[in-house]
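Contents: one structure, followed by commentary.
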Amino acid sequence: MQAGQMDKEVRVRFAPSPTGVLHLGGARTAIHNWLFARSKGGKFLLRIEDTDVARSNRATVSQIIDSLRWLGLNWDEKIVFQSERLDIYRKKAEELIEKGLAYRCFCDVKEIEEAKKDAKSYKYSGKCRNLTPEEVRRNLRNGKPYAVRIKIDPGKISWKDLIYGEIEVDTEELDDFIILRSNGMPTYHFAVVVDDIYMKITHVIRGEDHIPNTPKHIVLYKAFNQRVPKFAHLPLLLGVDGKRLSKRHGATGVDEYREMGFLPEAVFNYLAIIGTSISADNQILTAEELINRYNVKKVARKSAVFDVKKLEWMNKKHISKKSAEELYNVVVQIFQRYELLKAGEVRKDYILNIINLMKGRVVKLTDFAKWGKYFFLDPADYDSDALSKYWDDKTCEFLKVLKQALKELQKFDSGSIEGALRKTAERLGIKAAQLIHPFRIALTGLGVSPDIFEIASLLKKEAVLRRLDNIINFYS
Ligand code: GLU
Numbered sequence: 000m001q002a003g004q005m006d007k008e009v010r011v012r013f014a015p016s017p018t019g020v021l022h023l024g025g026a027r028t029a030i031h032n033w034l035f036a037r038s039k040g041g042k043f044l045l046r047i048e049d050t051d052v053a054r055s056n057r058a059t060v061s062q063i064i065d066s067l068r069w070l071g072l073n074w075d076e077k078i079v080f081q082s083e084r085l086d087i088y089r090k091k092a093e094e095l096i097e098k099g100l101a102y103r104c105f106c107d108v109k110e111i112e113e114a115k116k117d118a119k120s121y122k123y124s125g126k127c128r129n130l131t132p133e134e135v136r137r138n139l140r141n142g143k144p145y146a147v148r149i150k151i152d153p154g155k156i157s158w159k160d161l162i163y164g165e166i167e168v169d170t171e172e173l174d175d176f177i178i179l180r181s182n183g184m185p186t187y188h189f190a191v192v193v194d195d196i197y198m199k200i201t202h203v204i205r206g207e208d209h210i211p212n213t214p215k216h217i218v219l220y221k222a223f224n225q226r227v228p229k230f231a232h233l234p235l236l237l238g239v240d241g242k243r244l245s246k247r248h249g250a251t252g253v254d255e256y257r258e259m260g261f262l263p264e265a266v267f268n269y270l271a272i273i274g275t276s277i278s279a280d281n282q283i284l285t286a287e288e289l290i291n292r293y294n295v296k297k298v299a300r301k302s303a304v305f306d307v308k309k310l311e312w313m314n315k316k317h318i319s320k321k322s323a324e325e326l327y328n329v330v331v332q333i334f335q336r337y338e339l340l341k342a343g344e345v346r347k348d349y350i351l352n353i354i355n356l357m358k359g360r361v362v363k364l365t366d367f368a369k370w371g372k373y374f375f376l377d378p379a380d381y382d383s384d385a386l387s388k389y390w391d392d393k394t395c396e397f398l399k400v401l402k403q404a405l406k407e408l409q410k411f412d413s414g415s416i417e418g419a420l421r422k423t424a425e426r427l428g429i430k431a432a433q434l435i436h437p438f439r440i441a442l443t444g445l446g447v448s449p450d451i452f453e454i455a456s457l458l459k460k461e462a463v464l465r466r467l468d469n470i471i472n473f474y475s
């Protein structure tokens, strides 16, 4: 790469505050950043904004990283932790004081808090902006605590948002905001800009809720005499009722979706396309296909609506597209979680066959266990709707005949089982359906299932005969 091209490289970051697990909105922001970077051959970086020591903890950081990895996101450089850069923020604040672009504010924090409470929209008076050097020295000598504030001059700040277009703000609306608190900690605005400069971020893609912060950030870029990155603010994620997505709408944590049996590919796919025109023709897309189609301009200016029904539909499609081998490990874990398989128990061929039978039907991965218990256990009860639909007083007698026919089979593959059942129906002078449905109820306890002859052959003769006996004894 030539020298001139170096600084043109796209560099974006996802910058979560580890005050809670990764939620859908955050994941969506991360996905857009990642797709943007990958579609431009750029870099995707991760920064943990953990300056709020009281509200951040390592366990949450690990959870966020875990969720990002689960979604298939990878980052190109070492993770930056803000908590490891506190000295740098202090130095950078000093630098701005020296340049006369920031100043020490000795105002009493409590007084300011009081004033904030009384005012509708509080703005700092600028009192300490005009302290004489002598007053400042005296305060410092007396060990008076101080915060550092940036000077905001009258004027307009504008940027061309890649999603929202031209946005202009009068600095009248801002005040000399704090960049370093009296406890030596940077404010969010300051740390973000210092780090985005340090990480050479070229595009800031983040939630629309950050739009009011952007003018402040631009002021800081200018104070540091740095090129302002491009901004793209993603519209909010709403629930189907049009309200901001929250717990009221159900699960909001990425880890909860994982737990519920969603495939990362489906969550990724859905969060990448909602509120965009990325997938006008085809909605089921792989990460690779999404990269190829990605353009931040395809993000609509209106809010994105998160509909779990749509995600379920997408999950079903993604599951059915996968091979049994690809699903094997995760399905084994689910069977173990539902205590259908013991830890360490290996029945690979059997499980692969189950997956192949079920993967076109399940909506969530957990359905393999919820709907497929009969692959491991004899039915403990029988679905009453199915019974009332398909069972009558002759059924037990019919099943006895079927049982005998199956018992005599040499080969117990699905074709032979089906042949035996149809022949039995003929002999009894009844429709095959009059045997097929009760046969299904006997084997699975359910009124619907994948191909019952395939199921019977997987279960093997002994279990099939036993289950027929069970239901015959129960209802005779
Ligand atoms: N840490 C901020 C948040 O979690 C994001 C900061 C940014 O993207 O500029 O909302």
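Residue numbers (numbering that gives the first Met the number 0): 0 to 475.
Just so it is clear, CB atoms sit at the ideal spot from N, CA and C, and this is done for glycine as well.
Straight through space, the alpha carbons of Lys301 and Thr28 are spaced by roughly 15 Å.
Going by C-alpha positions, Val331 is about 44 Å away from Phe230.
From the listed residues Val345, Ile350, Asn268, the smallest Cα separation to Lys315 is found for Asn268. Counted as a single uninterrupted DSSP element, the beta strand (DSSP E) harbouring Tyr102 occupies residues 101-104. Here DSSP, grouped into helix, strand and coil, assigns Ala431 to coil.
DSSP places Lys42 in the uninterrupted beta strand (DSSP E) bounded by 42-47. Sequence-distant partners of Ser456 (beyond 5 residues in either direction) whose C-beta falls short of 7 Å from its own C-beta, in its chain, are Phe411, Asp412, Ser413, Ile416.
Shown here, Trp33 sits in a helix according to DSSP, grouped into three states. Per DSSP, reduced to three states, the secondary structure at Ala53 is coil, with no helix or strand assignment. Taking the Cβ of Ser55 as the reference point, every heavy atom of the ligand GLU lies at 7 Å or farther away. Taken from the Cβ of Arg84, every heavy atom of the ligand GLU lies 7 Å or farther away.
Each of Ala14, Pro15, Ser16, Gly25, Glu48, Tyr187, Val191, Val203, Arg205, Gly206, His209 has a C-beta closer than 7 Å to some heavy atom of the ligand GLU; these make up the full list, in chain order. Annotation: Thr201 to Ala14 spans about 14 Å, alpha carbon to alpha carbon. For His317, there is no enclosing beta strand (DSSP E); the enclosing alpha helix (DSSP H) covers residues 307-320.
Within the segment 352-417, the complete alpha helix (DSSP H) segments at least 4 residues long are 365-370, 383-389, 394-406, listed from N- to C-terminus.
Under the three-pair Cβ rule at 8 Å, the segment 96-109 does not count as touching the segment 226-246. By the Cβ rule, the segment 144-151 counts as touching the segment 170-177, because three or more pairs are nearer than 8 Å. Put simply, the segment 254-265 does not touch the segment 233-242. Fewer than three CB pairs are less than 8 Å apart. By the C-beta density criterion, Glu171 is exposed, having fewer than 16 other C-beta atoms within 10 angstroms.
In the DSSP annotation of this structure, Ile283 is not part of any alpha helix (DSSP H), being labelled neither H nor E. Rounded to whole angstroms, the Cβ separation of His22 and Thr251 is 5 Å, and the two are in contact under 8 Å.
Leaving aside the five residues that flank Ile470 on each side, the residues in its chain whose CB is nearer than 6 Å to its CB run, in chain order, Ala441. Note that the C-beta distance between Glu97 and Ala190 is not below 8 Å. Rounded to the nearest angstrom, the Cβ distance from Ile354 to Leu326 is 5 Å, consistent with a contact under 8 Å. Here the C-alpha atom of Ala118 lies approximately 10 Å from the C-alpha atom of Glu112. Taking 8 Å as the upper bound for CB-CB distance, Lys369 and Ile318 are not in contact here, some 14 Å apart. According to the DSSP secondary-structure assignment, Ala231 is paired through a beta bridge with Ile204.
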